[in-house]
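One structure is given here, and the rest of the page talks about it.
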Amino acid sequence: MSELVPSYRTVSRAPSVFPDRRLAARCMLLASLFLAASSLPRPAGAQSFPQKPIRIISQYPAGAIVDTLTRQLGQEMADLLKSSPVRYQFCVHAGAIHGYALPDRDIYDKQAAERDWEHIFAMFHRQIPAYAA
Numbered sequence: 251m252s253e254l255v256p257s258y259r260t261v262s263r264a265p266s267v268f269p270d271r272r273l274a275a276r277c278m279l280l281a282s283l284f285l286a287a288s289s290l291p292r293p294a295g296a297q298s299f300p301q302k303p304i305r306i307i308s309q310y311p312a313g314a315i316v317d318t319l320t321r322q323l324g325q326e327m328a329d330l331l332k333s334s335p336v337r338y339q340f341c342v343h344a345g346a347i348h349g350y351a352l353p354d355r356d357i358y359d360k361q362a363a364e365r366d367w368e369h370i371f372a373m374f375h376r377q378i379p380a381y382a383a
């Protein structure tokens, strides 16, 4: 029975006999301590979101339900986000009953369409960095 139970002498000699196991145990201990420390809660700095003004562009006729709801939404956003202004921009192509007229229509305005596409592509370049490349 005494042969099955390791003595102190056997345990104390184990690191000298198996140095790689000792190194592995140290690495595992350090890794577990690092993982435990990384999961501890730590204070996060408050982000000032958003840093730029919020711009709401409505491309529907003034007085329409979409225009009215968008203005109310913009006002509520301005009240909630006091740190950044909310700008409301009304943009309708001349003669169109909504924000965009197709090129084959007689009310098509090429300058307004190019302006709209410029805004759309600028938004893509800001939001999707890979798109800019």
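Letter 3 of the sequence shown, counting from 1, is numbered 253 in my numbering, and no numbers are missing. Backbone N, C-alpha and C define an ideal beta-carbon position, used for all residues, glycine too. Here the structure is a predicted model, which means the values were calculated and not measured.
- Nearest to THR320 by C-alpha distance, out of PRO291, ILE378, ARG376, PHE340, is PHE340.
- Listed in chain order, the non-local C-beta contacts of GLY324 below 6 Å within the same chain comprise ILE306, VAL336, TYR338, local neighbours out to five positions each way being set aside.
- Nearest Cα to LEU330 within the set ILE304, ILE315, CYS277: ILE304.
- DSSP, read as helix, strand or coil, puts SER282 in helix.
- One thing to note: SER334 has its Cβ within 9 Å of the Cβ of LYS302.
- In the DSSP assignment, GLN361 falls within the unbroken alpha helix (DSSP H) covering 360-377.
- Using a 10 angstroms sphere on the CB of SER308, the tally of other CB atoms reaches 16 or more, which defines it as buried.
- DSSP places GLN322 within a helical segment (H, G or I) once states are collapsed to three.
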